[in-house]
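With UniProt numbering, letter number 24 in the sequence shown gets 24, and the count goes up by one each step, no holes. We put the beta carbon where it would ideally sit given N, CA and C, even for glycine.
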Amino acid sequence: LPSSRSSIATTIITSSQLGALSIHSALFGHRHHHHVLINSCEKWTSRLTHLYKASLVLTVDLHGCGNFSSVQSAIDAVPDLSSSKTLIIVNSGVYREKITVNENKTNIVMQGRGYQNTSIEWNDTAKSTEGTAYSFSFAVFADRFTAYNISFKVRW
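Here it is in structure tokens:
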């Protein structure tokens, strides 16, 4: 930037989940706008953590912007037989994986970014090797599991 008065950063990118903020630079006496990108997830995550009273928050993102890139990996990281809630935030995307929540992974709240934006899909059928009982996309054997704003789909 040409003048020392304008040495502030004009673009900040903190994650793939971005909100846009336009700042008017009247402070410096000129009339153009600086566009700053800010992380919109932090505020949302904080609200969800408070809402669900979660003691642990794990984030899943297909593009590597979370703690995990697969839902099963996040579930596997939940403490065994936990008496406190674990919030798993699943960012937008189509997660093509077969998920099992074993009985020792208790007290999980899974939050997606909307049923049209976040889905977990698998393509087993009754004709698969192990038959109907194992043709699920998502199986829960644990107590106190809840999911919000996620689609669970079987594709064949």
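Using a 10 angstroms sphere on the CB of Y95, the tally of other CB atoms reaches 16 or more, which defines it as buried. Assignment of V78 by DSSP, reduced to helix, strand and coil, places it in the coil class.
Distance from T59 to G93 at the Cβ level is roughly 12 Å; contact not present, criterion being Cβ atoms closer than 8 Å. No Cβ-Cβ contact shorter than 8 Å links K105 with W122. In the displayed model, R96 falls within a strand according to three-state DSSP.
L81 and Q116 have their C-alpha atoms roughly 31 Å apart.
Of the residues assessed, V154 falls on the exposed side of the cut-off, its CB having fewer than 16 other CB atoms within 10 angstroms. Spatial neighbours of G66 in its own chain (CB-CB distance under 7 Å, excluding positions within 5 residues in sequence) are listed in chain order as T59, V60, N91.
Of the residues S73, I150, L51, S151, the one whose Cα lies closest to the Cα of T100 is S73.
At the C-beta level, L48 and I89 come within 8 Å of one another. Rounded to the nearest whole angstrom, the CA to CA distance from S83 to G64 is 29 Å. When the alpha-carbon of Q111 is set against those of K85, D124, E103, the nearest one is in K85. Comparing alpha carbon positions, the residue from T45, K53, S46 closest to N107 is K53. Judged by DSSP secondary structure, Q111 falls within the beta strand (DSSP E) whose first and last residues are 108 to 111.
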